[in-house]
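Before any comments, here is the structure.
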Amino acid sequence: MDERGSDETLPEGQRIGSSTTRRRWSYVVERPALAAVLTMVAAGAIAFWNLPDNIRIGMTHVPRFTEMILYLGFPVLSGLLVYFWLKSVQENWELKRLHAVLEELVITDSLTGLYNQRHFSSRLKQEMERARRRRYPLSLLLLDLDNFKSYNDMYGHLAGDRALEEVGKIVLGSIRSGVDAGFRYGGDEFAVILPETTRQQATTVAQRIRDTLENHPIFIGAPRSR
1124 MDERGSDETL
1134 PEGQRIGSST
1144 TRRRWSYVVE
1154 RPALAAVLTM
1164 VAAGAIAFWN
1174 LPDNIRIGMT
1184 HVPRFTEMIL
1194 YLGFPVLSGL
1204 LVYFWLKSVQ
1214 ENWELKRLHA
1224 VLEELVITDS
1234 LTGLYNQRHF
1244 SSRLKQEMER
1254 ARRRRYPLSL
1264 LLLDLDNFKS
1274 YNDMYGHLAG
1284 DRALEEVGKI
1294 VLGSIRSGVD
1304 AGFRYGGDEF
1314 AVILPETTRQ
1324 QATTVAQRIR
1334 DTLENHPIFI
1344 GAPRSR
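Using our numbering, the first residue of the sequence shown is number 1124, and each one after it goes up by one.
As structure tokens, then:
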């Protein structure tokens, strides 16, 4: 501790915090703030500082009872500060997670699990700009179910909804997760955006979806196009 006091210096041999120490002292302490604070508390003094480096500390004697409160209160106060900080971080994380869930619900078709028409336009524009910027191919598939109205009339609307659910699963199972994007565009119409995909590769994906649909048990025996 570099004692360059602006007031009187501490008399030689006199302990900081002793009963005879009644004056106020100023010091410049060239050490980290936390170490200085702990030193002052251990010596029975309250420390005040307002500079990050060469901290000027004002010290005054405090009673033993106050020393005890400082010893007990410092860890408690530190614990409370950490608790409230962690609680704030957790609440902030939960709000972000809730926002992400709500955002996903807004752009998702509840029946098929695919993205909805609202999200289609913005996602297509985004992928087109990215493909143009990075100069890679981009493909778009447009699909519809043949004679879906006849299927609904024959088996009922509940069966029609179940069929649409199965189509959503088939589309999701036929594309790359996290890269491609499937959409229910409306009614029995579907769309698939395929980034970094050539026309030949897109044709393969479309054929795979079609073959899976035709051989799915729910569509066997359904009305066919003539």
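Cβ coordinates follow ideal geometry from the N, Cα and C atoms, glycine included. All of these numbers come straight from a predicted model, not from anything done at the bench.
{"Check": "Measure the beta-carbon distance from D1303 to L1317 and round it to whole angstroms, keeping in mind my assumption that it falls under 8 Å.", "Outcome": "5 Å"}
{"Check": "Please classify F1306: is it buried, with 16 or more other beta-carbons within 10 angstroms of its beta-carbon, or exposed?", "Outcome": "buried"}
{"Check": "Using only CA atoms, which one of Q1323, R1333, Q1330 and E1319 lies nearest to R1257?", "Outcome": "E1319"}
{"Check": "Whole angstroms is fine: what's the gap from G1300's alpha carbon to A1325's?", "Outcome": "Checking the displayed sequence, the identity of residue 1300 turns out to be Ser instead of Gly. Taking the straight line from one Cα to the other gives about 15 Å."}
{"Check": "Excluding sequence positions up to five away, which residues of its chain have a Cβ less than 8 Å from the Cβ of M1251?", "Outcome": "L1261"}
{"Check": "Our contact map puts R1285 next to I1341 with C-beta atoms below 8 Å; I'd like the distance itself, whole angstroms only.", "Outcome": "7 Å"}
{"Check": "Does F1271 come out as helix, strand or coil in the three-state DSSP assignment?", "Outcome": "helix"}
{"Check": "Beta-carbon within less than 8 Å of Y1077's beta-carbon, same chain only, minus the 5 sequence neighbours each way: which residues are those?", "Outcome": "Nothing can be reported for residue 1077: it is not among the residues displayed for the chain, which extend from 1124 to 1349."}
{"Check": "Can you name the residues that DSSP bridges to P1318?", "Outcome": "L1261"}
{"Check": "Going by DSSP, what residues sit across from Y1206 in a beta bridge?", "Outcome": "Per DSSP, none; premise fails for Y1206."}
{"Check": "Are the beta-carbon atoms belonging to T1335 and I1293 less than 7 Å from one another?", "Outcome": "yes"}
{"Check": "Determine, using beta carbons only, whether D1311 and L1247 come nearer to each other than 7 Å.", "Outcome": "no"}
{"Check": "What does DSSP give as the partner residues of E1312 in its beta bridges?", "Outcome": "D1267 and G1309"}
{"Check": "Return the Cβ separation of H1339 and E1289 in integer angstroms, given the expectation that the two are a contact with Cβ distance under 8 Å.", "Outcome": "6 Å"}
{"Check": "Can you check whether the CB of T1231 is closer than 7 Å to the CB of G1291?", "Outcome": "no"}
{"Check": "Just curious, the alpha helix (DSSP H) that H1280 is in, first and last residue?", "Outcome": "H1280 to S1297"}
{"Check": "Using 10 angstroms around the beta-carbon of V1328, count the other beta-carbons present and answer buried if the total reaches 16, otherwise exposed.", "Outcome": "buried"}
{"Check": "Could you have a look at T1231 and say whether DSSP puts it in helix, strand or coil?", "Outcome": "strand"}
{"Check": "Mind checking L1218: buried by the 16 CB within 10 Å criterion, or exposed?", "Outcome": "exposed"}
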